[in-house]
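Student: In this note's numbering, the protein residues as written are 84 to 317. Every residue gets a Cβ at the ideal spot worked out from N, C-alpha and C, and that includes glycine. In this text, all values refer to a predicted model and were calculated from it rather than measured experimentally.
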Amino acid sequence: MKKLAALATAAVALVAVAGCGQSTPGTAEPVARTVVAAPVVPPPAAAAGEAPPASTGTPDVRDIETAADGLRPFLLTEAELGPGFVSIAEPKPDPAAPAVCGGPGVVARFPDAVRVGVAFESASARVQEAVSVYPDKATAQAAYDHSVAGLDCGQGSVSGRPVVVTPGEDLRVDVGGAQATGWRVGGEGFDILLITVHSDEVVMTFTWLTPEGGAPGPPDPLVVTRGAVQKLAG
Numbered sequence: 084m085k086k087l088a089a090l091a092t093a094a095v096a097l098v099a100v101a102g103c104g105q106s107t108p109g110t111a112e113p114v115a116r117t118v119v120a121a122p123v124v125p126p127p128a129a130a131a132g133e134a135p136p137a138s139t140g141t142p143d144v145r146d147i148e149t150a151a152d153g154l155r156p157f158l159l160t161e162a163e164l165g166p167g168f169v170s171i172a173e174p175k176p177d178p179a180a181p182a183v184c185g186g187p188g189v190v191a192r193f194p195d196a197v198r199v200g201v202a203f204e205s206a207s208a209r210v211q212e213a214v215s216v217y218p219d220k221a222t223a224q225a226a227y228d229h230s231v232a233g234l235d236c237g238q239g240s241v242s243g244r245p246v247v248v249t250p251g252e253d254l255r256v257d258v259g260g261a262q263a264t265g266w267r268v269g270g271e272g273f274d275i276l277l278i279t280v281h282s283d284e285v286v287m288t289f290t291w292l293t294p295e296g297g298a299p300g301p302p303d304p305l306v307v308t309r310g311a312v313q314k315l316a317g
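(1) If contacts are defined as beta-carbon pairs under 8 Å, then P181 and G188 qualify, I think. What distance do you get, rounded to the angstrom?
(2) What residues in its chain sit with their C-beta under 7 Å from that of P302, if we drop five residues either side in the sequence?
(3) At the level of alpha carbons, what is the spacing between R192 and L277?
(4) Evaluate A162 with the Cβ neighbour count: other Cβ atoms within 10 Å of its Cβ, from every protein chain shown; 16 or more gives buried, anything less gives exposed.
(5) Compare the beta carbon distance of V197 and L158 with 9 Å and say whether it is the shorter of the two.
(6) Could you have a look at E163 and say whether DSSP puts it in helix, strand or coil?
(7) Report the residue from V258, E295 and D253 whose alpha carbon sits nearest the alpha carbon of A64.
(8) Within its chain, find whatever has a CB closer than 6 Å to the CB of H229; leave out the 5 residues flanking it on each side and keep chain order.
(9) Just tell me which of P294, T288, S282 and G243 has its CA closest to the CA of L305.
(10) Is the Cβ-Cβ distance between F203 and S170 less than 9 Å?
(11) If D274 and E295 are in contact, beta carbons under 8 Å, what's the gap, nearest whole angstrom?
(12) Check whether the Cβ atoms of V247 and G237 lie closer than 9 Å to each other.
(13) What is the rounded straight-line gap between the Cα of Q45 and the Cα of T308?
(14) In the DSSP assignment, find the unbroken beta strand (DSSP E) run with L277 in it and report its ends.
(15) From V124 to S282, what does the alpha carbon distance come to, in whole angstroms?
(16) May I have the straight-line CA-CA distance separating R209 from A221, to the nearest angstrom?
Here it is, written out as structure tokens:
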């Protein structure tokens with residue numbers, strides 16, 4: 084537990100810039116079968132071939148909190164991960180967190196979203212689920228694309244620490260969703276399996292943190308992720 088806690092800063096920072104938009108230990112972002120997202124001002128129309136720019140709308144905080152509370156019942160639970168896992172604190176979005184490959188992270192680029200998540204820890208692993216619900220499908224697609232681009236560099240950094248990033252692997256057949264990509268990110272003392280899934284207005288990010296050279300399971304990360312995607316997106 085103590086060793087994993089020492090690695091949490093790096094893991095959480097990675098989650099924050101990879102699409103989930105969270106940056107405090109144990110975060111994730113949710114989405115439900117019936118999502119009532121907070122009212123937001125849609126982003127201005129983008130030129131042909133360009134990703135929609137970040138919206139400048141300011142959603143009511145109370146509406147966002149209500150929408151987030153509605154999503155939490157559809158997130159992972161301790162029982163779904165298995166014996167030995169306990170719930171830990173939910174992280175919060177960090178607009179200042181840069182992408183692993185450099186440049187602004189998803190939270191800064193696409194601030195208008197309902198974001199919520201959960202995190203769990205065992206003696207050998209830390210698991211996070213983060214879900215972001217965007218105001219429309221086009222914005223969610225752009226956010227997902229931004230997340231993928233933010234990990235397409237081979238070598239990057241997390242919290243100022245160098246990391247090696249494997250090429251993204253298409254995991255849609257394994258975990259579901261309209262799009263799904265997985266990466267392995269390695270730094271001194273830790274290994275991370277990161278899976279980002281896109282479905283309609285939702286982007287989900289799953290993070291499996293282990294000490295360097297450790298195994299992410301059991302449970303099987305792909306099996307757990309697939310169940311979580313089905314639970315959230317139907």
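Tutor: Checking against the coordinates, here is how it stands:
(1) Between P181 and G188 a beta carbon distance of about 6 Å is seen, short of the 8 Å cut, so the two are scored as contacting.
(2) Spatial neighbours of P302 in its own chain (CB-CB distance under 7 Å, excluding positions within 5 residues in sequence) are listed in chain order as L164 and G165.
(3) Computed Cα separation, rounded: 20 Å.
(4) That one is exposed.
(5) Result no, Cβ atoms of V197 and L158 do not sit closer than 9 Å.
(6) Three-state DSSP puts E163 in a helix.
(7) Any answer about residue 64 is impossible in this case: the structure gives the chain only from 84 up to 317.
(8) Excluding its 5 nearest sequence neighbours in each direction, H229 has C-beta neighbours in its own chain below 6 Å: V189 and R192, listed in chain order.
(9) Minimum Cα-Cα distance from L305 among the listed residues P294, T288, S282 and G243 corresponds to T288.
(10) With respect to the 9 Å criterion, F203 and S170 are classified as neighbours on the basis of their beta carbons.
(11) Rounded to whole angstroms, the Cβ separation of D274 and E295 is 6 Å, and the two are in contact under 8 Å.
(12) A contact, by the Cβ cut-off of 9 Å.
(13) Absent from the structure is residue 45, since the part of the chain shown begins at 84 and ends at 317.
(14) Counting along the chain, the beta strand (DSSP E) containing L277 begins and ends at F273 to S282.
(15) Unreliable placement is indicated for V124, whose pLDDT of 32 sits below 50; the coordinate value is still reported in the next sentence. Roughly 21 Å separates the two Cα atoms.
(16) Looking at the backbone, the Cα of R209 and that of A221 are separated by about 32 Å.
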